[in-house]
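If you read the sequences in order, they're chains H and W. Going by this note's numbering, the first residue of the first sequence is number 1, and it counts up by one from there. Going by this note's numbering, the first residue of the second sequence is number 1001, and it counts up by one from there. Positions of the beta carbon are idealized from the N, C-alpha and C atoms, including for glycine.
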Amino acid sequence: MTDSMLIYKIILCVIVFAVSLGAAAYMTWGERKLAAWLQDRVGPNRAGPLGLLQPIADGIKMIFKEEMIPTHSNRWLFILGPSFFMLCACMTGVVIPWGAGWQSGETLYPMQVTDINIGLLYLLSVVSIGVYGVMIGGWASNNKFALLGALRASSQMISYEVAMGMALIALVMMTGTLSLKEIVAQQDAGFANVVYQPLGFIIFLICAFAETNRAPFDLPECESELVGGYHTEYSSMKLGFYLFAEYINMFISSAIMASLYFGGYNFPFQHELGLDGNVLTAVQTAVFFGKILMFIFLFMWIRWTLPRFRYDQLMNLGWKVLLPLAIANIIITGFVMLFTGKLG
Amino acid sequence: MQLTNRSIQVVKKELTLSERLYFPAILKGMLITLSHLFKRKATIKYPEQDRELAAVYRGQHVLKRDDAGAERCTACGLCAVACPAEAITMESAERKKGEEGLYREEKYAKIYEINMLRCIFCGLCEDACPKEAIFLTDRIVPSSFTRGEEVFGKDILVESMTERVDVSKRQTPEVLSFKNDKKHKHNQTYLDRKN
């Protein structure tokens, strides 16, 4: 790796980090606005024009709140919980290709922090490590509600990760690679993967909702039953970290869905526009963010429409419906590949 | 035994396939919420935008003066008797010589207090008043930090001559003639009934 590439990667790292944090901040604003609109209200409109300074005001409020650590809690684990959750949320962004790359002279600077050949596995593993943040936090709080919330979170995440992984296996069979860059690049030539894997996409979508603890699968928080769920005892910025990391997770899973199933930064007829390489990359990045926004809108739209699942319904759906469907999807994909001669 | 004809027999029928699939119902619900995205917002942005009140809105009370600036209230206590929430208290006093410009009748209310936390804004005081002295207006009672501040005395209730309170919407000629119509039993005094 040359020096200029190293510097570029570091800058890109910072940008990805900043963008996902900024996006998460403004998603809280967007969520409140959208919730208000769907309920015939106006939403935050006092802080700045259209309430756009609201996330900053919220952040300042969070920081200045009194920081409470319960006496009976395990102090180190209590601090470790939200930090870990936030860390895992921020780590997922590095393998996502945000655009094709910038051409500067001879070298191509890719719009991806790192293209590891096991990108998908990396994503799955980081996401599943993320549940430890919730578990540690709930356990360290030494509080019944927090523990129940943490238990629910971990069992939910484990259940839905199985179906999620199975849905991805069909995709990997089709694309033949685990690298996200490859998967996105393949979709440049043909259709987006959702055309070939509609069932897989729906399973992945449902699992993504469960993995990010979003409604209708927000049982770990479940205000009406568990006070605040795993973050009942948390206050100040530690609570902020939990809430914030959830939005980052949402942003990242939207990005993953967009790149795995909806062609990532590619868009139809992109090569017919006659655009120069770097301009095309800029347009592609914008298109990619548009796709991400669409998914975020879907996340929020569903949250403000559907009521929460009951816990047994959640488990039934995960194990008895989604998992068999995902396995059937693998088998169907296998047969289709066998008969169309696309095997190997 | 059937008590009313509104009872409905509960039927627990099997769900159809489309119902068991969830998705049609979910889509239907999502379309409903989406349609609300484009509806007119119900919010009134209060400090900038005032809510339109009905012509007969019953808000903060006013004790009227007559056109010469004398208080109309004679402290008869009918409003206090009529008040179902027992929010009104008063103390009467005799008018002294030289105070004719201040009080219209020989007797006046030295203290007149309405507890706004007790008041239910029903308007019965206004109906009971024989002197057209108390009215409810379209002003909203402001909030306060203590309970004591919500007991409004004469300093707040009596209108000032520089900023007179318009009650013409509440006291239309029809209302006035109705209140003075001795045909109705509730407008008769014991003297009227004796005749």
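8 angstroms is my cut-off, CB to CB: does residue i come that close to chain W?
i: ALA192/H; result: no
i: TRP319/H; result: no
i: ILE302/H; result: yes
i: ALA328/H; result: no
i: GLY344/H; result: Here the model assigns GLY344/H a pLDDT of 48, short of 50, so the residue's position is not dependable and the matter cannot be decided.
i: PHE201/H; result: no
I want to verify the contact list: residues of chain W whose CB lies under 7 angstroms from the CB of residue i, in sequence order.
i: TRP37/H; result: LEU1037
Run through chain H and tell me which residues come within less than 7 angstroms of residue i, C-beta to C-beta.
i: GLY1029/W; result: THR305, LEU306
i: ILE1026/W; result: LEU306
i: LYS1041/W; result: ASP40, ARG41, VAL42
Could you check whether residue j and residue i sit closer than 8 angstroms to each other, using their CB atoms as the reference points?
i: GLY138/H; j: PHE85/H; result: no
i: SER83/H; j: PHE241/H; result: yes
i: THR333/H; j: ALA170/H; result: yes
i: GLY277/H; j: VAL184/H; result: no
i: ALA167/H; j: ASN329/H; result: yes
i: SER235/H; j: MET27/H; result: no
i: ARG1095/W; j: GLU1159/W; result: no
i: LEU1117/W; j: ARG1147/W; result: yes
i: VAL95/H; j: LEU12/H; result: no
i: ALA1055/W; j: LYS1169/W; result: yes
i: LEU1157/W; j: LEU1053/W; result: no
i: ILE1088/W; j: ILE1120/W; result: no
i: ARG41/H; j: LYS1039/W; result: no
i: GLN1060/W; j: VAL1141/W; result: yes
i: ALA146/H; j: GLU31/H; result: no
Kindly list, in the order they appear in chain W, the residues whose Cβ is closer than 8 angstroms to that of residue i.
i: ARG214/H; result: Simply none; closest approach about 14 angstroms.
Give a yes or no on whether 8 angstroms exceeds the smallest Cβ distance from residue i to chain H.
i: LEU1017/W; result: no
i: LYS1012/W; result: no
i: LYS1064/W; result: no
i: LEU1034/W; result: yes
i: LYS1045/W; result: yes
Going by the C-beta, is residue i closer than 7 angstroms to any heavy atom of the ligand COA?
i: LEU1053/W; result: In the structure shown, the ligand COA is absent, as is every other ligand, since no ligand is present at all.
Please report whether the beta-carbon of residue i lies at a distance below 8 angstroms from any beta-carbon of chain C.
i: LYS181/H; result: No chain C is present in this structure, whose protein chains are H and W.
- Message: Pairs of beta-carbons, one from the segment 187-195 of chain H and one from the segment 109-123 of chain H, closer than 8 angstroms: are there three or more?
- Response: Between the segment 187-195 of chain H and the segment 109-123 of chain H, the count of Cβ pairs shorter than 8 angstroms is below three; the stretches do not touch.
- Let me know the beta strand (DSSP E) ranges lying completely inside the segment 1117-1177 of chain W, each 3 residues or longer, listed in chain order. Runs found: 1134-1136.
- Inter-stretch contact at 8 angstroms, needing at least 3 Cβ pairs: the segment 165-180 of chain H / the segment 234-254 of chain H: By the C-beta criterion, the segment 165-180 of chain H is judged not to be in contact with the segment 234-254 of chain H, since fewer than 3 inter-stretch pairs fall below 8 angstroms.
- Quick one: which unbroken alpha helix (DSSP H) runs of 4-plus residues sit fully inside the segment 246-304 of chain H? Chain order, please. Whole alpha helix (DSSP H) segments, 4+ residues: 277-303.
- Go through the segment 1057-1094 of chain W residue by residue and report every complete run of the beta strand (DSSP E) that reaches 3 residues or more, in order. Listed in chain order, the complete beta strand (DSSP E) runs (minimum 3 residues) inside the segment 1057-1094 of chain W are 1061-1063, 1088-1094.
- Message: Quick check for students: name the residue ranges of the beta strand (DSSP E) that lie wholly in the segment 23-111 of chain H, counting only runs of 3 or more.
- Response: You should have 102-104, 107-109.
- Does the count of Cβ pairs from the segment 37-57 of chain H and the segment 309-323 of chain H closer than 8 angstroms reach three? Contact between the segment 37-57 of chain H and the segment 309-323 of chain H is absent, because fewer than three Cβ pairs lie under 8 angstroms.
- Message: Is it the case that the segment 99-108 of chain H contacts the segment 30-48 of chain H, given that we only count it when at least three CB pairs across the two stretches are under 8 angstroms?
- Response: No contact exists between the segment 30-48 of chain H and the segment 99-108 of chain H.
- Message: For the pair the segment 1136-1148 of chain W and the segment 1089-1101 of chain W, tell me if three or more CB-CB distances fall below 8 angstroms.
- Response: Between the segment 1136-1148 of chain W and the segment 1089-1101 of chain W there are fewer than three inter-stretch CB-CB distances shorter than 8 angstroms, so the stretches are not counted as touching.
- Task: Tell me, please, whether the segment 204-215 of chain H touches the segment 144-162 of chain H by the rule of three or more beta-carbon pairs shorter than 8 angstroms.
- Result: The segment 204-215 of chain H is in contact with the segment 144-162 of chain H.
- Cβ contact check for the segment 1070-1077 of chain W and the segment 1105-1116 of chain W: 3 or more pairs under 8 angstroms: Inter-segment contact for the segment 1070-1077 of chain W and the segment 1105-1116 of chain W is present: three or more beta-carbon pairs are separated by less than 8 angstroms.
- Message: If contact is defined by three or more beta carbon pairs under 8 angstroms, each pair taking one atom from either stretch, is the segment 215-231 of chain H in contact with the segment 149-157 of chain H?
- Response: Touching, yes.
- Task: Quick one: which unbroken alpha helix (DSSP H) runs of 4-plus residues sit fully inside the segment 113-160 of chain H? Chain order, please.
- Result: Complete alpha helix (DSSP H) runs here, min 4: 119-140.
- Which whole runs of the alpha helix (DSSP H) in the segment 164-219 of chain H are 4 residues long or more, in chain order? If we require 4 residues or more, the alpha helix (DSSP H) runs fully inside the segment 164-219 of chain H come out as 180-189, 193-196, 198-211.
- Specify whether the segment 1080-1091 of chain W and the segment 74-81 of chain H touch according to this definition: at least 3 beta carbon pairs, one from each stretch, less than 8 angstroms apart. No: fewer than three Cβ pairs fall under 8 angstroms.
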